[in-house]
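Residue numbers (this note's numbering): 1196 to 1690.
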């Protein structure tokens, strides 16, 4: 396993620290254990840094900039290519099984095939100036506050919001050009202009024939996600299109890490890690630390919001679920309308916007969105009044995002008793299938889904919570499960 490269100066040392957290987070998604994650991250980080330095030397010698990615997405791409090398050279057993399937599919081939067939988001980001691309990535994918990003990039904090808007518009223009340059069939070509017009305006409706086309054409749906700057789909379009496999889960991990104050590095972080001075690293927060801290933070918020199940019974709002880090995961590939209103158990109408559910009408805790501008999750409150026979756990099912034939959701459970391990279960009524899960291992037989604990989150304290996020497919209808179980016991459920 190669050693990490030595930073050339203090600025690069700080950048290394910031990038290492991102690389290790993604490598952890790609592998079957923490030891393999560390090795994959180290190899990918080393190769990526050497690649970036070589590109800088070529640009300096020729005086011309070669289109390329900013440092973090470049290193994340290095993780993916290093994983592909592991698969090729007999180390595939150390990778996530789903990643191995993906690496041997046409989806992976798109990232290394002809440039005009590569994902539109990847091409659009590469076409931006590096400073513009870095601004877009740090805000949209790494979920860092805009003032912090402005300081890091040497921008005027007052004008940073305006500059970010200009960069988003520039990214959209690059993606539109890339979409038109992509070889298409006649049907896709006929919808290209209409797709541009519909995604340009927030208030524009989507014609029925275009909606049907987007539901069946992955390439045009991908373009729609990149072109539609409003609605909150841009972060997931970037993550999924630039990283590839696991991009949505990575997005959610980075968002949760940023919310917990654990992501993004800092200027003096190189001293903490030992990178700057070639010395042994001091203890640092790694994969487990980030996720455990994020779970603690989300657990505290969830516990407070579920006080009707505690001894005081003072009544508070039902929470909206905690999602696994970032993956804000999921860009709606198609342009879809807002979710319909839903009925409460008592017959009153609940709008798609989160609503207060208690008499004291205290503010809803900060929801867990797909991103800073993602559409609100659809929440139906089914929490019963607490009684002596109330279950000793409380569950929340949150539909975080939905698009034609796909959706993202989170299941969160708070327990009043300590757990050595846990197993969540629920049954879908409409034939939905879970295709990817994080913070747990999924097993689905027919409509019955079981999520078991990961190695790092098996133990839960009394009053603590666990959550799993997942991506699934659906047809016709996509209703929430009525009952969620914890280790076989039914929980009081709020959807």
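Beta carbons are placed, not taken as given, at the ideal position from N, Cα and C, and that holds for glycine.
Exposed unless 16 or more other CB atoms sit within 10 angstroms - verdict on residue 1245: Indexing the chain shown from 1 puts residue 1245 at position 50. Its Cβ having fewer than 16 others within 10 Å, residue 1245 is exposed.
7 Å Cβ shell around residue 1341 - same chain, five flanking residues per side excluded: Taking the chain shown and counting its residues from 1, one reaches residue 1341 at position 146. Only 1334, 1355, 1356 and 1359 meet the Cβ criterion.
Option in 1262, 1239, 1306 and 1379 with minimal Cα separation from residue 1748: Because residue 1748 is not part of the residues shown, which for the chain are 1196 to 1690, the question remains open.
Separation of residue 1381 from residue 1453, as counted between CA atoms: Within the chain shown, numbered from 1, the residue matching residue 1453 stands at position 258. Within the chain shown, numbered from 1, the residue matching residue 1381 stands at position 186. So the alpha carbons of these two residues sit roughly 44 Å apart.
Complete alpha helix (DSSP H) runs within the stretch 1259 to 1334 (minimum length 4 residues, chain order): 1266 to 1283, 1292 to 1298, 1301 to 1304 and 1315 to 1321
Residue interval of the beta strand (DSSP E) (run including residue 1596): By 1-based counting over the chain shown, the position of residue 1596 is 401. Per DSSP, residue 1596 belongs to the beta strand (DSSP E) from 1588 to 1598.
Proximal residues to residue 1683 (C-beta, below 6 Å), its chain only, five neighbours per side dropped: The residue labelled residue 1683 in the question sits at position 488 within the chain shown. So the list is empty, once near-sequence residues are dropped.
Contact between the stretch 1612 to 1630 and the stretch 1650 to 1659 (3+ Cβ pairs under 8 Å): yes
Outcome for residue 1670 when other beta-carbon atoms lying within 10 angstroms are tallied against a minimum of 16: Along the chain shown, read from residue 1 onward, the residue named residue 1670 stands at position 475. Residue environment for residue 1670: exposed (fewer than 16 other C-beta atoms within 10 angstroms of its C-beta).
Outcome for residue 1418 when other beta-carbon atoms lying within 10 angstroms are tallied against a minimum of 16: Taking the first residue of the chain shown as 1, we reach residue 1418 at position 223. Buried, by the Cβ-count rule.
Distance CB(residue 1236)-CB(residue 1247) smaller than 8 Å: As a working mapping, residue 1236 is identified with position 41 in the chain shown. As a working mapping, residue 1247 is identified with position 52 in the chain shown. Taking 8 Å as the Cβ cut-off, residue 1236 and residue 1247 do not qualify as a contacting pair.
Reference residue 1390; option with closest CA among 1379, 1378 and 1406: The residue you call residue 1390 lines up with position 195 of the chain shown. Scanning 1379, 1378 and 1406 for the CA closest to the CA of residue 1390 turns up 1406.
Cβ pair residue 1290, residue 1233 closer than 8 Å: In the chain shown, residue 1290 corresponds to position 95, counting from 1. In the chain shown, residue 1233 corresponds to position 38, counting from 1. No.
Own chain, CB closer than 8 Å to residue 1673, minus 5 neighbours either side, in chain order: For this step, residue 1673 is matched to residue 478 along the chain shown. Contacts found: 1594, 1597, 1602, 1625 and 1627.
Run of the beta strand (DSSP E) containing residue 1377, from where it starts to where it stops: The count along the chain shown starts at 1 and reaches residue 1377 at position 182. Where residue 1377 is concerned, there is no enclosing beta strand (DSSP E), given that its DSSP letter is neither H nor E.
Chain-order list of residues whose beta-carbon lies under 6 Å from that of residue 1257 (same chain, five-residue window excluded): Working through the chain shown from its first residue, we reach residue 1257 at position 62. Cβ within range, chain order: n/a, list empty.
When 1680, 1201, 1217 and 1415 are compared against residue 1446, the one with the closest alpha-carbon: What you label residue 1446 is simply residue 251 of the chain shown in a count that begins at 1. Of the candidates 1680, 1201, 1217 and 1415, the one whose C-alpha sits nearest the C-alpha of residue 1446 is 1217.
Span separating the alpha-carbon of residue 1497 from that of residue 1679: Mapped onto the chain shown, residue 1497 falls at position 302. Mapped onto the chain shown, residue 1679 falls at position 484. Note that residue 1497 scores a pLDDT of 44, beneath 50, so its modelled location is shaky; the value from the coordinates is reported in the next line. Straight-line Cα distance between these residues: approximately 16 Å.
Alpha carbon of residue 1374 to alpha carbon of residue 1272, nearest angstrom: Working through the chain shown from its first residue, we reach residue 1374 at position 179. Working through the chain shown from its first residue, we reach residue 1272 at position 77. Roughly 22 Å separates the two Cα atoms.
Distance cut-off 7 Å: residue 1401 Cβ against heavy atoms of the ligand MN: Among the ligands in the structure shown, none appear at all, so the ligand MN cannot be discussed.
Residues bridged to residue 1681 [DSSP beta-bridge criterion]: As a working mapping, residue 1681 is identified with position 486 in the chain shown. DSSP lists 1619 and 1684 as partners of residue 1681.
Counted within 10 angstroms of its Cβ, other Cβ atoms place residue 1311 as buried (16 or more) or exposed: Position 116 of the chain shown, counted from the start, is the residue given in the question as residue 1311. With fewer than 16 Cβ atoms within 10 Å of its Cβ, residue 1311 is classed as exposed.
Presumed contact (8 Å Cβ cut-off) between residue 1606 and residue 1617, rounded CB distance: Start at 1 with the first residue of the chain shown, and residue 1606 comes out as number 411. Start at 1 with the first residue of the chain shown, and residue 1617 comes out as number 422. Not quite, the Cβ-Cβ distance comes to about 11 Å (not below 8 Å), so this is no contact.
For residue 1668 and residue 1386, the rounded distance between their alpha carbons: The residue you call residue 1386 lines up with position 191 of the chain shown. The residue you call residue 1668 lines up with position 473 of the chain shown. The alpha-carbon atoms of residue 1386 and residue 1668 are separated by roughly 25 Å.
3 or more residues per run - each beta strand (DSSP E) lying fully within the stretch 1199 to 1235: Fully enclosed beta strand (DSSP E) runs of 3 or longer: not present.
Length of the line joining the Cα atoms of residue 1303 and residue 1587: For the purposes of this step, residue 1303 is taken as the residue at position 108 of the chain shown. For the purposes of this step, residue 1587 is taken as the residue at position 392 of the chain shown. For residue 1303 and residue 1587, the distance between alpha carbons rounds to 45 Å.
C-alpha distance - residue 1219 paired with residue 1403, whole-angstrom precision: Residue numbering aside, residue 1219 sits at position 24 when the chain shown is read from its first letter. Residue numbering aside, residue 1403 sits at position 208 when the chain shown is read from its first letter. Those two C-alpha atoms are separated by around 43 Å.
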